[in-house]
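Protein chains in written order, with the working numbering: chain A, 77 to 289; chain B, 6 to 277.
This is the structure in structure tokens:
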């Protein structure tokens with residue numbers, strides 16, 4: 077019953093999943109541009125943000141329309157609510173990736189210590205792992221995996237702190253602007269992962285109907 | 006299905022005061038067991054909605070509360086139905102007095118073929134009110150409480166059947182209110198009337214529940230969600246089998262996170 081409605085929910089879910097994959101790519105591309113000092117790649121990341129914004133807005137509009145016309149309840153209502161919430165977070169994650177790409181543009185003219193690039197790359201890889209797990213948990217309604225996201229997020233926070241310690245070793249005053257851009261990039265990555273953890277909590281709500289604190 | 010049964014038994018809704026308590030109720034039409042094993046406590050001064058597919062026994066159940074089923078040959082109730090701690094099926098209970106305390110509104114508005122005034126004054130007169138000024142007061146107050154006074158105060162002598170469907174339904178509500186009931190049973194009260202009137206009746210329920218316990222049977226799940234604090238979901242899983250109470254909980258819980266898969270499937274339109 078309600079085949080059209082069910083199909084709409086399926087389509088919306090698939091679209092959010094698709095946006096999640098695009099944002100994951102965007103995040104990875106922004107880190108790569110930063111590590112390689114590739115300004116063109118950074119510009120490409122910045123340019124891709126408009127499309128993400130439009131798609132996320134599309135989710136909100138479509139979800140509102142379905143809520144207004146179909147009066148969804150129970151798991152259908154939880155799905156629509158969670159999709160809207162996820163779209164909002166994904167849009168934030170894309171913005172943070174843009175911020176990383178902007179850091180690329182500020183730092184590309186100068187080459188800092190390799191250790192710091194390695195740290196950023198390592199952090200980027202961990203964030204990628206969190207985003208993959210988030211989208212998998214969403215796709216499979218995997219409660220256990222959704223609840224594991226917080227654990228996966230932990231080493232990212234550690235790397236962020238380690239990044240600070242490494243910065244403390246810098247001597248040259250000329251490094252300050254470069255260093256602050258890099259530390260911000262590390263902070264953005266940490267925030268992207270936090271957004272993914274929030275999505276994980278919403279996936280748990282979707283499955284169980286219970287809000288986690 | 007048993008493993009999916011809600012672990013919240015009806016009695017575990019702890020908030021509020023119980024107005025009506027039903028224990029182990031079985032209902033029979035002759036040999037046919039229509040309802041089985043019903044346990045539920047209806048909260049005082051709140052709206053409780055009964056939902057479920059056609060034939061799930063919700064109308065049968067609501068009629069147990071004012072013993073309307075007594076009038077059906079072969080109908081039989083087992084178990085306990087108590088109101089304010091008193092068994093309403095006990096030998097000394099007068100069904101006519103019970104039906105004053107527990108009023109009923111039906112799907113089709115059914116005003117008596119007499120004036121608006123006499124419709125509302127009918128019950129009080131039956132219960133011995135004779136004084137004109139007292140009846141005038143009751144008629145006015147009841148029509149005001151039913152949100153109909155403004156529309157009819159100049160035409161009280163007109164026949165009740167001349168009103169629109171929605172007005173007729175509010176006239177029936179005024180007629181019930183005139184005898185100061187404690188409980189009002191509403192069996193699909195909005196199925197036969199226009200949307201504006203539906204809104205008026207829903208608003209009215211919100212006002213009345215400060216003083217009256219309301220139980221509404223409705224096929225419109227959105228209406229149940231809008232008007233009630235508590236919702237009970239009934240289901241007859243196989244034709245010929247008795248219906249059961251599947252889940253009873255706060256309405257907000259039923260419509261966001263029902264505990265039983267059958268409730269979920271029904272309210273999301275997967276069957277029924």
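Don't be surprised by glycine CBs; every beta carbon is placed ideally from N, CA and C. The structure presented is a predicted model; accordingly, all values stated were derived computationally and were not measured.
- In the three-state DSSP reduction, residue 85/B falls in the strand class (E or B).
- Just so you know, the alpha carbons of residue 186/B and residue 126/B end up roughly 14 Å apart.
- For residue 39/B and residue 62/B, the gap between their C-alpha atoms comes out near 7 Å.
- Residues of the segment 141 to 159 of chain A that bring their beta carbon within less than 8 Å of a beta carbon in chain B comprise 147, 148, 149, 150, 151, 152, 153 and 154, in sequence order.
- Taking 8 Å as the threshold, the shortest C-beta distance from residue 78/A to chain B falls below it.
- The bridge partners DSSP lists for residue 254/B are 236/B.
- Look at residue 188/A: its C-beta is not under 8 Å from any C-beta on chain B.
- Membership of residue 63/B in the alpha helix (DSSP H) is indicated by the continuous run 63 to 68.
- Residues of chain B whose Cβ lies closer than 8 Å to the Cβ of residue 286/A are, in chain order, 262.
- Contacts with chain A (Cβ-Cβ distance below 9 Å) from the segment 188 to 209 of chain B involve no residue at all.
- C-alpha of residue 174/A to C-alpha of residue 98/A: approximately 13 Å in a straight line.
- Inclusion of residue 86/B and residue 27/B in the CB contact set at 8 Å is warranted, their separation being smaller than that value.
- For residue 124/B, the enclosing alpha helix (DSSP H) begins and ends at 121 to 131.
- The alpha-carbon separation between residue 122/B and residue 161/B amounts to approximately 5 Å.
- Taking one beta carbon from each stretch, the segment 191 to 204 of chain B and the segment 148 to 162 of chain B have fewer than 3 pairs nearer than 8 Å; the two do not touch.
- Under the three-pair Cβ rule at 8 Å, the segment 105 to 115 of chain A counts as touching the segment 174 to 183 of chain A.
- When DSSP reads this structure, residue 53/B sits in a beta bridge with 220/B and 235/B.
- Taking C-beta atoms under 8 Å as the contact rule, residue 202/A and residue 232/A qualify, at a distance of about 5 Å.
- For residue 108/B, the pairing in a beta bridge is given by DSSP as 189/B.
- A direct Cα-Cα distance of roughly 55 Å separates residue 36/B from residue 91/A.
- Beta bridge pairing from DSSP links residue 46/B with 26/B.
- The beta carbon of residue 156/B sits closer than 7 Å to the beta carbons of 172 from its chain, once the five residues preceding and following it are set aside; these are given in chain order.
- If only complete runs of 4 or more residues are kept, the segment 126 to 188 of chain A shows the alpha helix (DSSP H) at 150 to 183, in order along the chain.
- Note that the C-beta distance between residue 193/A and residue 278/A is not below 8 Å.
- A distance below 7 Å between beta-carbons, with the five flanking residues on each side excluded, links residue 142/A to the following residues of its chain, in chain order: 84, 148 and 156.
- Apart from the 5 residues on each side of it in sequence, residue 129/B sits with its Cβ closer than 7 Å to the Cβ of 140, 143, 183 and 184 in its chain, given in chain order.
- Residue 31/B has 83/B as its beta-bridge partners, per DSSP.
- Burial is judged here by how many other beta carbons sit within 10 angstroms of a residue's own beta carbon; residue 176/B has at least 16 and is buried.
- C-alpha of residue 171/A to C-alpha of residue 209/A: approximately 20 Å in a straight line.
- Beyond the five residues adjoining it in sequence on each side, residue 198/A comes within less than 7 Å, by CB distance, of 235 in the same chain, given in chain order.
- Residues of chain A whose Cβ lies closer than 7 Å to the Cβ of residue 228/B do not exist, since the nearest Cβ in that chain is about 11 Å away.
- Residues of chain A with a Cβ closer than 7 Å to the Cβ of residue 273/B are, in chain order, 149, 150, 151 and 152.
- Within the same chain, and ignoring the five residues on either side of residue 266/A in sequence, the residues whose Cβ sits closer than 7 Å to its Cβ are 232, 233 and 236.
- Fully enclosed alpha helix (DSSP H) runs of no fewer than 4 residues occupy 190 to 216 and 219 to 244 of the segment 185 to 246 of chain A, in order along the chain.
- Here residue 249/B carries a strand assignment [DSSP, helix/strand/coil].
- DSSP, reduced to helix, strand and coil, places residue 227/B within a helical segment of the structure shown.
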